[in-house]
Amino acid sequence: MNATLFFLLLYSAALVALGLWIGRRVKATAGFFVAGRRLGPILLFATVLAANIGAGSTVGAAGLGYRNGLAAWWWVGSAAIGTLLLAFWIGPKIWRVAKEHDLYTVGDYLELRYGPSVRGIVAALLWLATLAILAGQLIAFAWILEVVADVPKWAGCLIAGGVMTIYFAAGGLLTSAWVNLVQLAVLVVGFGIALPWAWSAAGAWSGIVAAAPPEPDYFNFWNGGASGVFYVALLVPAFIISPGLIQKVYGARDERTVRLGVGLSGLALLLFAAVPPVMGMLAHVYAPGLENAELALPTVLMLGLPPALGAIGLAAVFSAEVSSADAILFMLSTSLSEDLYKRFVRPDASDRQVLRVARWAAVLGGGAGVALALGLPSVIGALSVFYTFLSVSLLVPVVAGLHSRKPGTPEALAAIGAGVATVVAARLVGITGEAAWYATWLGIFASATIFALVFAVRGMRRQKE
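So the sequence shown is numbered by our numbering: it starts at 80 and just counts up by one.
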């Protein structure tokens, strides 16, 4: 076992120990689901930012930078825009509703606003789609271990899956918030050291230009290869209404905390957005012929830095993957226990029973994520499935429900069905590559159009009656 691998395993054990220690304080669903609604600005900032800087924002974005150049900024930059809209638009509104009605999940909100059928359908859809993004996080860590110690993909997925499942199942959001704070500190230190060192060692900007592939749009900020401003269509809606992020918002102690904590995380994402693409572009200096572009970031950390600094950088990447994965596990466990089990299977379940199911759901979700990760080929491919279905199924019902009480269950069900059906049809007819991102907006447009049509028809019927 080499020293870097030993360091990563030791760091993993420390995260698990911290999670188990904090998890001893969680004895009820209020602590597991919404941290007792006691998160202040610092903890909310840390847990939201840590959730947003994951596999796609590090390994995936660096891979895009390696292939497509500067335009890869828009992958993380779009997430930052969506996070800022959540902070100052949707977040405060939905926090007030959650506080007033003691809501724990987005499913709670959907039932309050549209009824149990909408809650059940969305919970089932998200359970399937969310497994894809969880798998993406695990794939990213597997790439790291492959570069560090020639560890096979299945072993890397098992290690990452085991770490985040154990500490999250111990205490839910409360555990995640504190562990995420530690992970965020390691991430800042790691990338704060790695980028300047690798930049200088590679010859700075002139070194990047000299090693860049001969693509005419490699240094085009707006569009380059399969990356560009069109990522806004996919990622901004998803980060406005992501159930994992909204449920973290539920844990804030007041509206000011929502605006400050989530807003600062959005600004931090805007600054961070340039780091992974630049690291990916630097990888051409050290490994110009990578067959798997998603190995670009760990390759730079291993070849462009001294071993000790490279280990810190890899710990930062590992922190990003695991912290984002636990946010996804948060969605899975709370959705299954609160939205499906308590609502449809055991309405009379006690608080202790629901908490037990939430913990076992985390274990089940972690295992399913590992299994799916073994079959998916890439990080970005896995994440795109989740973001697409999240946007087309939730954006219209959530936003419309927060701004008007008139639409009801028929409008929401029609919007969800139209959005999902449009995206599925687009994939069946072979819309791939850059055009696939536009298919997401086509799904959102179909969702909004059908929502409006059903609302208008019901309004005319009411007038006739």
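Backbone N, C-alpha and C fix where the C-beta goes; we use that ideal spot for every residue, glycine too.
{"Asked": "Cut-off 8 Å between Cβ atoms - residues of its own chain near Leu388, not counting five sequence neighbours on either side", "Found": "Ile272, Ala273, Trp276"}
{"Asked": "Segment limits, alpha helix (DSSP H) that includes Ile287", "Found": "283-290"}
{"Asked": "Ala352 vs Ala362 beta-carbon contact at 8 Å", "Found": "no"}
{"Asked": "Opposing strand residues paired with Gly303 [DSSP bridges]", "Found": "Ser306"}
{"Asked": "Per-residue DSSP class, three states only, for Leu182", "Found": "coil"}
{"Asked": "7 Å CB neighbourhood of Leu237 in its chain, flanking five on each side removed", "Found": "Val449"}
{"Asked": "DSSP three-state assignment for Ala428, whether helix, strand or coil", "Found": "coil"}
{"Asked": "Test item: CB-CB of Thr108 and Tyr188 under 8 Å", "Found": "no"}
{"Asked": "Simplified DSSP assignment, three categories, for Leu274", "Found": "helix"}
{"Asked": "Alpha carbon of Val433 to alpha carbon of Pro367, nearest angstrom", "Found": "52 Å"}
{"Asked": "Start-to-end residues for the alpha helix (DSSP H) that takes in Ser344", "Found": "342-351"}
{"Asked": "8 Å Cβ cutoff met for Glu334 and Pro171", "Found": "yes"}
{"Asked": "DSSP-derived helix/strand/coil call for Leu118", "Found": "strand"}
{"Asked": "Alpha-carbon spacing of Ala494 relative to Ser472, whole angstroms", "Found": "7 Å"}
{"Asked": "Closest Cα partner of Ala500 within the set Ala479, Ser526, Gly487", "Found": "Ser526"}
{"Asked": "Cβ pair Leu253, Val105 closer than 8 Å", "Found": "yes"}
{"Asked": "Closest residue to Gly119 among Leu393, Ala347, Ala331, Leu419 (Cα-Cα distance)", "Found": "Ala331"}
{"Asked": "Residue interval of the alpha helix (DSSP H) (run including Glu225)", "Found": "195-228"}
{"Asked": "Own chain, CB closer than 6 Å to Phe86, minus 5 neighbours either side, in chain order", "Found": "Ala390"}
{"Asked": "Pick from Ser416, Ala440, Leu210, Thr467 that is closest to Ile319, judged by C-alpha positions", "Found": "Thr467"}
{"Asked": "Stretch-stretch touch, CB-based, cutoff 8 Å, three pairs: the segment 244-259 with the segment 405-421", "Found": "yes"}
{"Asked": "Cβ contact (3+ pairs, closer than 8 Å) linking the segment 297-310 and the segment 143-162", "Found": "yes"}
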